[in-house]
Amino acid sequence: MRLLKWLSLGAAVWIVYWGLAAWGLRTGFEAWFGEQQRQGWQVSYGPMTTRGFPMRHVTRLNQPLLADPGTGAAWSADWIEFDSPALWPGAQSLRFPATPQHYSFFDQTRSVTAEQMRADLQLAPGLALELEKLSLTSQDWQISDGSGVIWQAQDLLLEMRQLAQAEQYHLTAVATHFAPRGLLRTGFSGLSPTREDLPPRFDALRLRADLGFDTPWDRRAIELRRPQLRQVNLALAEAHWGDMLFRATGALEVDETGRLSGALDLRAENWPAILDMAERLSLLPPSSRRAVEKVLALFSTGTGRAAKIDISLRFKQGQVWAGPLQLGTAPLLVLR
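Numbered continuously in the numbering used here, the sequence shown closes out at residue 488.
Below, the structure written as structure tokens:
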């Protein structure tokens, strides 16, 4: 009988704790959205529900919308779920709907449709909610605009893990069975009859790098300002599609204005076809094609599909150099 009383008391205490924690989570969400609205954001969401008793808290927000007028960035979806253990809300899993999510940046809007899309966050204890680990995974996904599908793949892994220093993170990105249909595939149709032999999927698309920021990623990254890159140690960036290969490694420093310094070692196989792709996708202006081709030809060996380039690019004082040749102005690396 005494054991039964203690069990009943423990169950009652847990019920009260679970309810208070659920109320605290809901209140926290409402307070955060309210604070963003006071700072000028456009914020809206529909009914909020919580379930998962007794071991978890699963909070669903229906019809969420966030828009930051300062950066022009906006996101909306049919719903989003926050799932965490009842004992520690800092281990959050975010689940997204299979229906389209809409992302905007100023006048550009993209729709993301993904199966079983999930983000797992491990946050450090404390008011700052410093990010220790973030992973984004998905099964079949595609990104579209008004003209149709741009990119799609059968899965995705994106992970950012905090290293020994709070501002340092290891980044991994892999998309297997990446299929450049839509705009990219259309861009190659008609280049030449030989382009029809391209495989329907990339053989490899991956990235590994250590990143150093000026501040850790925490709640202020959304509320105030994005942490800015200061170091990039690129272990590997690789895209392999048929007879085309692009691979890069190297180390870069980023100053307070976003200017790059350092060096990248690049390898490009069948680089004329890569230029064809860039021109077709409006990534390379036709007026610049001839000049770029002449410069790359200086470093090229082989011809046709066997043409390849192994080159080191140096970044200094906002300019890009290949050996003694100045190639132009380097892009600024600023996170908005």
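Glycine residues also receive a C-beta, built at the ideal position from the N, C-alpha and C atoms. Note that the coordinates shown come from a computational prediction; the quantities given were computed from them, not determined experimentally.
- Its chain contains Arg466 as the residues whose beta carbon lies nearer than 6 Å to that of Trp473, once the 5 sequence neighbours on both sides are disregarded; these appear in chain order.
- Bridge pairing for Trp193: absent [DSSP].
- With contact defined as three or more Cβ pairs closer than 8 Å, the segment 204-215 and the segment 230-246 are in contact.
- Straight-line measurement puts the Cα of Gln268 at about 7 Å from the Cα of Ala250.
- Residues Leu246, Leu288 of the same chain have their beta carbon placed closer than 6 Å to that of Ala271, with the five preceding and five following residues left out of the count.
- In this chain, the beta strand (DSSP E) harbouring Trp473 covers 471-474.
- Between Lys468 and the set Pro438, Phe398, Leu404, Ala387, the nearest pair of CA atoms involves Leu404.
- Rounded to whole angstroms, Thr223 and Pro483 show a C-alpha spacing of 19 Å.
- The three-state secondary structure of Trp231, taken from DSSP, is strand.
- Judged by DSSP in its simplified three-state form, Ser452 adopts strand.
- Taking the CA atoms as reference points, Gln294 sits about 59 Å from Arg154.
- In terms of CA proximity to Gln317, Glu284 leads the group Gln291, Glu284, Trp423, Val486.
- Every alpha helix (DSSP H) of 4 residues or more that sits fully in the segment 398-432 is shown, in chain order, as 423-432.
- Here DSSP, grouped into helix, strand and coil, assigns Arg154 to helix.
- For Ala373, the uninterrupted alpha helix (DSSP H) segment begins and ends at 372-375.
- Remark: C-beta atoms of Leu388 and Arg360 approach each other more closely than 9 Å.
- In the DSSP assignment, Ser290 falls within the unbroken beta strand (DSSP E) covering 283-290.
- The Cβ atoms of Met312 and Thr328 do not sit closer than 9 Å to each other.
- The continuous beta strand (DSSP E) containing His209 extends over residues 208-214.
- In the DSSP assignment, Trp303 falls within the unbroken beta strand (DSSP E) covering 300-305.
- Here the segment 380-400 makes contact with the segment 408-418; the two share three or more CB pairs at distances below 8 Å.
- Taking each of Ile461, Leu487, Gly470, Arg488 in turn and checking the Cα distance to Leu412, the smallest one comes out for Gly470.
- Look at the segment 237-283 and you find these whole runs of beta strand (DSSP E), each 3 residues long or longer: 243-247, 253-257, 260-266, 270-275.
- If you draw a straight line from the Cα of His392 to the Cα of Trp227, it comes to about 31 Å.
- Listed in chain order, the non-local C-beta contacts of Tyr197 below 8 Å within the same chain comprise Phe185, Leu213, Asn214, Gln215, Pro216, Leu217, local neighbours out to five positions each way being set aside.
- A distance below 7 Å between beta-carbons, with the five flanking residues on each side excluded, links Leu485 to the following residues of its chain, in chain order: Leu381, Val406, Gly410, Leu412.
- Relative to the Cα of Leu376, the nearest Cα in the group Pro199, Val168, Ala280, Leu156 belongs to Ala280.
- The criterion of a C-beta distance shorter than 9 Å is satisfied by Pro221 and Gly192.
- Rounded to the nearest angstrom, the gap between the Cα atoms of Gly300 and His254 is 14 Å.
- Beta-bridge partners assigned by DSSP to Trp393: Met396.
- When secondary structure is reduced to three states using DSSP, Thr179 falls in the helix class.
- Leaving aside the five residues that flank Ser290 on each side, the residues in its chain whose CB is nearer than 8 Å to its CB run, in chain order, Ala266, Glu267, Gln268, Met269, Arg270, Asp307, Leu308.
- Here Ala459 is near Glu421, since their CB atoms are less than 9 Å apart.
- Spanning the alpha carbons of Gly176 and Met200 requires a straight line of approximately 13 Å.
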